[in-house]
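If you read the sequence shown in the working numbering, its first letter stands for residue 16, the second for the next number, and so on. All residues carry an ideal CB built from backbone N, CA and C; glycine is no exception. Working notes, structure below.
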Amino acid sequence: MAAKYSEDDDLQHHLRFSDITGEPRRMLLPIQGYERKPVVSLEEAIEPLVQFVPDVKRMAYVAKMKCNSPPADDLTTDESAAIILYSMEWEPQEECLYFVSNATLREENRRKLVPWFLYLKLVLTALSRLPSEQRTVYRGVKCDMRQQYKKGDTIIWWGFSSCRTTMDVLENDQFLGSTGTRTFFSIECKSGKDIQQHSQYKTENEILLLPARQFQVVACLNQSGGLYMIQLREIDPPYPLLEPVSKDPPKPAKIVVPHPPPSVIKTIHSSPKPSIKPTQKGMISGNFLLHSEI
């Protein structure tokens with residue numbers, strides 16, 4: 016049966032921003048081997064994936080047809096389409112490319128990544144050509160994740176991580192809503208990629224974090240009403256956990272000042288003076304979200 020695809024199904028299109036609970040809390044082998052593959056067309060890159068993502072050929076065709084002509088950021092059509100394909104969501108969810116690729120990136124058996132090498136080389140090459148952004152981004156999930164993220168812990172997200180540039184979007188009823196148990200992540204990233212011009216949904220202001228990013232848990236906060244906030248800061252591991260696509264130096268990071276906090280946070284009384292010092296000139300730690308530490 017062909018996958019169901021609807022451009023107006025907003026709820027379905029938000030699932031990748033909550034793809035957090037599947038992240039393993041154990042160390043895995045680095046992601047490597049793909050970098051030795053050549054950059055090929057999108058059609059060739061997804062050929063080995065048909066057995067894992069049944070409708071991938073049709074969706075790749077749609078992605079390529081949706082490319083701007085010419086694509087933004089000096090990307091090739093195949094590079095831009097590879098990012099668009101990642102951002103596309105359809106039913107069933109477990110057959111979406113983003114879902115299957117992230118599940119495979121989180122597998123302990125790295126041999127399962129081999130069929131993905133051509134696609135990884137194409138999409139990571141595309142993302143490497145976009146400037147990195149140093150800013151605060153957000154994502155969330157409808158559950159309490161405080162037990163998995165203790166203050167001071169160092170954690171690794173092995174999959175691609177889709178994030179928002181503002182937190183208020185997460186409170187939309189079509190996403191996490193404003194009631195019930197929810198965990199929002201406020202992430203000080205320094206390697207985020209703005210894929211708005213290469214996304215199926217160009218109004219979502221999506222920042223994509225690459226696989227195998229390492230973070231330190233800065234704080235776990237109780238915002239009341241079943242809402243919890245976990246603050247993360249991206250840090251560099253002593254050795255790369257994702258082999259770079261090439262030895263060329265990356266583009267310099269673009270520092271972006273985060274938006275003011277959303278209305279839900281404004282209702283909470285003023286926080287104490289932030290205890291986390293800025294790590295770089297022009298960078299904001301995000302501690303305006305502090306209320307009460309658990």
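Distance, residue j Cα to residue i Cα
{"i": "Ile-280", "j": "Ile-171", "result": "Residue placement at Ile-280 cannot be trusted, given a pLDDT of 45 that sits under 50; the coordinates are not used to answer."}
{"i": "Pro-63", "j": "Leu-128", "result": "11 Å"}
{"i": "Val-184", "j": "Ala-87", "result": "25 Å"}
{"i": "Pro-259", "j": "Val-55", "result": "17 Å"}
{"i": "Gln-212", "j": "Arg-228", "result": "23 Å"}
{"i": "Glu-186", "j": "Arg-51", "result": "42 Å"}
{"i": "Pro-264", "j": "Gly-37", "result": "Since pLDDT at Pro-264 reaches only 47, below the 50 mark, its modelled position is unreliable, and the value read off the structure follows with that caveat. Roughly 32 Å between the two C-alpha positions."}
{"i": "Phe-114", "j": "Trp-173", "result": "13 Å"}
{"i": "Glu-148", "j": "Thr-198", "result": "24 Å"}
{"i": "Ser-143", "j": "Ile-222", "result": "14 Å"}
{"i": "Met-42", "j": "Glu-122", "result": "11 Å"}
{"i": "Leu-191", "j": "Cys-158", "result": "10 Å"}
{"i": "Glu-308", "j": "Pro-85", "result": "Its pLDDT being 44, under 50, Glu-308 is placed unreliably in this model, and the value from its coordinates should be taken loosely. The alpha-carbon atoms of Glu-308 and Pro-85 are separated by roughly 49 Å."}
{"i": "Gly-167", "j": "Asn-237", "result": "17 Å"}
{"i": "Glu-104", "j": "Pro-252", "result": "31 Å"}
{"i": "Thr-196", "j": "Arg-150", "result": "26 Å"}
{"i": "Ala-141", "j": "Tyr-164", "result": "31 Å"}
{"i": "Asn-117", "j": "Val-156", "result": "16 Å"}
{"i": "Phe-32", "j": "Phe-175", "result": "10 Å"}
{"i": "Lys-217", "j": "Asn-83", "result": "12 Å"}
Whole-Å CB distance - residue i paired with residue j, under 8 Å assumed
{"i": "Leu-247", "j": "Leu-225", "result": "At roughly 15 Å, the Cβ-Cβ gap does not stay under 8 Å, so Leu-247 and Leu-225 are not in contact."}
{"i": "Cys-235", "j": "Arg-161", "result": "5 Å"}
{"i": "Ile-250", "j": "Phe-200", "result": "Their Cβ separation, rounded to whole angstroms, is 15 Å, which puts Ile-250 and Phe-200 out of contact at 8 Å."}
CB of residue i within 8 Å of CB of residue j, strictly
{"i": "Glu-94", "j": "Leu-137", "result": "yes"}
{"i": "Glu-106", "j": "Asp-70", "result": "no"}
{"i": "Ala-75", "j": "Glu-59", "result": "no"}
{"i": "Val-152", "j": "Ile-202", "result": "yes"}
{"i": "Leu-90", "j": "Tyr-101", "result": "no"}
Inset, instruction - At 3 residues or longer, and completely inside the region 178-265: list those beta strand (DSSP E) runs for me, N to C. - result: The region 178-265 contains these whole beta strand (DSSP E) runs: 197-209, 221-224, 228-237 and 242-250.
Inset, instruction - Any chance you could list the alpha helix (DSSP H) runs of at least 4 consecutive residues sitting entirely within the region 48-73, in chain order? - result: Within the region 48-73, the complete alpha helix (DSSP H) runs of at least 4 residues are 57-61.
Legend entry - Residue ranges of each alpha helix (DSSP H) within the region 120-180, 4 or longer: Runs found: 132-143.
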